[in-house]
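Q: Please see the structure below; I have some questions.
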Amino acid sequence: MNKYLKQLLDALAAKNLELQGHMTKSLDAGQTPDEETEKSIQAVEVEIEAIEKNIARVKKQIEEVEKAKSNLQEPEPTPGQDPAPKIEIVKTLDKGIGFAQYARAKLVAALEAKKGHYIAPVDMAKQLGFGDEVQDLVKKATLGTTTDSGFAASLVTENRLVGEFVDMLRAATVFDQLSGFRAVPFNSKIPSQLTGGTASWVGEGASKPLTNPTYGEVEIKEHKLAAITVYTQELMRRSDPAVDILVRDDLIEASKTLIDNTFLDAVAASAVRPAGVLNDVVATANTGTTAEAYEADLMALIDSFVTANLSLDGAYIIMSETRAAQISLLRDALGNTYFQGMSLRGTRTLMGIPVITSQTVGNKIILVKTSEILLAQDGGVDVSYSDQATLVDGSTTHHLWQENKFAVRVEKFITWAKRRPVAAAFLDYTVTPTP
1 MNKYLKQLLD
11 ALAAKNLELQ
21 GHMTKSLDAG
31 QTPDEETEKS
41 IQAVEVEIEA
51 IEKNIARVKK
61 QIEEVEKAKS
71 NLQEPEPTPG
81 QDPAPKIEIV
91 KTLDKGIGFA
101 QYARAKLVAA
111 LEAKKGHYIA
121 PVDMAKQLGF
131 GDEVQDLVKK
141 ATLGTTTDSG
151 FAASLVTENR
161 LVGEFVDMLR
171 AATVFDQLSG
181 FRAVPFNSKI
191 PSQLTGGTAS
201 WVGEGASKPL
211 TNPTYGEVEI
221 KEHKLAAITV
231 YTQELMRRSD
241 PAVDILVRDD
251 LIEASKTLID
261 NTFLDAVAAS
271 AVRPAGVLND
281 VVATANTGTT
291 AEAYEADLMA
301 LIDSFVTANL
311 SLDGAYIIMS
321 ETRAAQISLL
331 RDALGNTYFQ
341 GMSLRGTRTL
351 MGIPVITSQT
361 VGNKIILVKT
371 SEILLAQDGG
381 VDVSYSDQAT
391 LVDGSTTHHL
401 WQENKFAVRV
411 EKFITWAKRR
421 PVAAAFLDYT
431 VTPTP
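The end of the sequence shown is residue 435 by the UniProt record's numbering, with every number in the run present.
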């Protein structure tokens, strides 16, 4: 704008000199301007007037711009007053996306290294357009294994992005919707009470009965779950945000399925996995799927807890979403909902006991008391990857190197054990009596 104003001022000066030349010519001749000179003078005056109007316009525009700039500048704080706080706009990622980007940066960097193009994972994160927080996590995790408590684990487990992923994983599992577990350390032995003490009334001069409870010992080992998902190399290299969502959801789905299936099964503990909560538990027979039958069968489950001197405080009922919907539709003779607490989705109760739903449960209804379960877990998640393995998934075999695929593995240390044999009871509806 200022450059244009200078051009106009230069043009105005030239026209004034031209006008002065016409006037001087007539004055030197000692006469008024003739007709031809008068026309030239008038033409120059018209041009000068137009230039002056444009100069006025440009000056006004310059003033408006300067005024706008001054309004944008931060005002000087009044003495004794704190300056106005600066507003910083920070672009945030959806929960769990940052962790998926961290996994992708490490994976794509490894792909490039295979081709002879070594790119540090943190530089790959920059190339993929990932934010500073993701780059910081990649840098810390590259220092060493993220499951080594003596090295990089403490750097990574405190990271917000890892915490978000772990929170999403916990929210997705039945296991972590339960609360009240007894937290214990890994590789420890915890005393457990096998039978409760008993008391009795004693008559005068009569001998007192033995009331000692019996005790055992529960060993808490160190178990690690690993969830593996397979992707094509072409997919991992794409910068499409949908890829990050896909990676996040796949890792969560694989991890939660393994945790829930293991926790709710009846398999015994081994060196590689904890025992299912139904291990050594005999199913309570069901009497059918009518409202009256469900009520009688649930009372049988509750009686099994009462017989073992367990209260229902902190107990949960776990069933499939399908069965929960079926029970919520049962009506009495007057058409009223038979189990009122089952009609409120998300806050269901049955016989006054909170209900957790998951299709993982299948045909069972499980009653579990979490305070009778010992839990050991860390807050970290480790990510590793390979393109050299051959993976068998049921009837499908993935030859990673041959098929240009990459496998991502998420590992988490977690284990549990029942404090007492009777920590759960269940009904099995695989077969129901014929009405």
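Yeah, the Cβ is synthetic: ideal placement off N, Cα and C, and Gly gets one too.
How about the segment 309 to 325 and the segment 342 to 360: do they share at least three Cβ pairs that are nearer than 8 Å?
A: These segments touch.
Q: Need the endpoints of the alpha helix (DSSP H) that VAL122 sits in, please.
A: From DSSP, the alpha helix (DSSP H) with VAL122 extends over 121 to 127.
Q: In whole angstroms, what is the alpha-carbon distance linking ILE55 and GLY21?
A: For ILE55 and GLY21, the distance between alpha carbons rounds to 23 Å.
Q: Grab me the residues of ILE119's own chain with a C-beta within less than 6 Å of its C-beta, minus the 5 sequence neighbours each way, in chain order.
A: Cβ neighbours of ILE119 beyond the five flanking positions: ALA109, GLU112.
Q: On the three-state DSSP scale, how would you describe ASP148?
A: Because ASP148 sits at a pLDDT of 46, beneath the cut-off of 50, its placement in the model cannot be relied upon, and the point is left open.
Q: If you reduce the DSSP assignment to three classes, tell me which class LEU137 lands in.
A: Three-state result, LEU137: helix.
Q: If the criterion is Cβ atoms closer than 8 Å, does the pair ALA283 and ALA275 meet it?
A: No, they are not a contact pair.
Q: Buried or exposed: which applies to ARG348, given that a residue is buried once 16 or more other Cβ atoms fall within 10 Å of its Cβ?
A: ARG348 should be labelled buried.
Q: Exposed or buried, PRO121, counting other C-beta atoms within 10 Å across all chains shown (16 or more means buried)?
A: With 16 or more other Cβ atoms within 10 Å, it is buried.
Q: Determine the direct distance from the alpha carbon of PHE339 to that of MET351, and round the result to whole angstroms.
A: The alpha-carbon atoms of MET351 and PHE339 are separated by roughly 8 Å.
Q: With 16 as the cutoff for other CB atoms within 10 Å, does ASP176 come out buried or exposed?
A: Under this definition ASP176 is a buried residue.
Q: So the alpha helix (DSSP H) LEU427 belongs to, where does it begin and stop?
A: Careful: LEU427 lies outside any alpha helix (DSSP H), inside the beta strand (DSSP E) at 424 to 428.
Q: With distance defined between alpha-carbon atoms, name the residue in LYS139, VAL281, ILE97, ILE327 nearest to ILE245.
A: It is ILE97.
Q: One question on the structure: do ALA417 and LEU374 come within less than 8 Å of each other, judged by their Cβ atoms?
A: In this structure, LEU374 lies closer than 8 Å to ALA417 by Cβ.
Q: Just list the alpha helix (DSSP H) runs in the segment 291 to 346, keeping only unbroken ones of 4 residues or longer that don't cross its boundaries, in chain order.
A: List check, alpha helix (DSSP H) in window: 291 to 307, 321 to 328.
Q: Give me the Cα-Cα distance between ILE366 and ALA424, rounded to the nearest whole angstrom.
A: Cα-Cα distance, rounded: 7 Å.
Q: In angstroms, rounded to a whole number, what distance separates the CA positions of ALA242 and LYS405?
A: The alpha-carbon atoms of ALA242 and LYS405 are separated by roughly 18 Å.
Q: How would you call VAL46, buried or exposed, if buried means at least 16 neighbouring beta carbons within 10 angstroms?
A: Classification for VAL46: exposed.
Q: Only counting the same chain, and skipping five residues up and downstream in sequence, which positions put a Cβ closer than 7 Å to that of SER386?
A: So the qualifying residues of the chain are LEU400, ALA407.
Q: Hey, could you find the ends of the beta strand (DSSP E) LEU225 is sitting in?
A: 224 to 232 is the extent of the beta strand (DSSP E) around LEU225.
Q: Which of the three DSSP states is assigned to THR257 in this structure?
A: Helix at THR257.
Q: Check the C-beta distance from THR390 over to THR397 and give it rounded, since I have them as a contact under 8 Å.
A: Right, the Cβ-Cβ distance comes to about 7 Å (below 8 Å), so this counts as a contact.
Q: Relative to the ligand GDP, is the shortest distance from any of its heavy atoms to the C-beta of ASP10 smaller than 7 Å?
A: This structure does not include the ligand GDP; it has no bound ligands of any sort.
Q: In whole angstroms, what separates the C-alpha of GLU133 from that of ASP249?
A: Cα-Cα distance, rounded: 20 Å.
Q: Find out if the Cβ-Cβ distance for the pair PHE181, ILE220 is shorter than 8 Å.
A: Not closer than 8 Å, so no.
Q: Rounding to the nearest angstrom, what Cα-Cα distance links ALA324 and ASN279 in this structure?
A: Each residue's Cα considered, the two are about 24 Å apart.
Q: With distances taken Cα to Cα, identify the nearest neighbour of THR257 among VAL174, GLU234, TYR231, GLY131.
A: Of the listed residues, the one whose Cα sits closest to THR257 is VAL174.
Q: Indicate whether SER179 and THR370 have their beta-carbon atoms separated by less than 8 Å.
A: It is a contact, given that the beta carbons lie within the stated cut-off.
Q: Below 8 Å on the Cβ atoms is my contact criterion, and I expect ASP313 with ASN363 to pass it. Report the Cβ-Cβ distance as a whole number of Å.
A: About 28 Å separates the two Cβ atoms, so there is no contact after all.
Q: Under the DSSP definition of a beta bridge, which residues are partnered with PRO354?
A: Partner(s): THR349.
Q: Should VAL306 and PHE426 be called a contact, given that it needs their Cβ atoms to be closer than 8 Å?
A: It is not a contact, given that the beta carbons lie outside the stated cut-off.
Q: For GLN42, which of GLN31, LYS67, ASN16 has the nearest alpha-carbon?
A: Nearest of GLN31, LYS67, ASN16 to GLN42, Cα basis: ASN16.
Q: Return yes when the Cβ of PHE413 is within less than 8 Å of the Cβ of LYS224, no when it is not.
A: Their beta carbons are under 8 Å apart, which means LYS224 touches PHE413 by this criterion.
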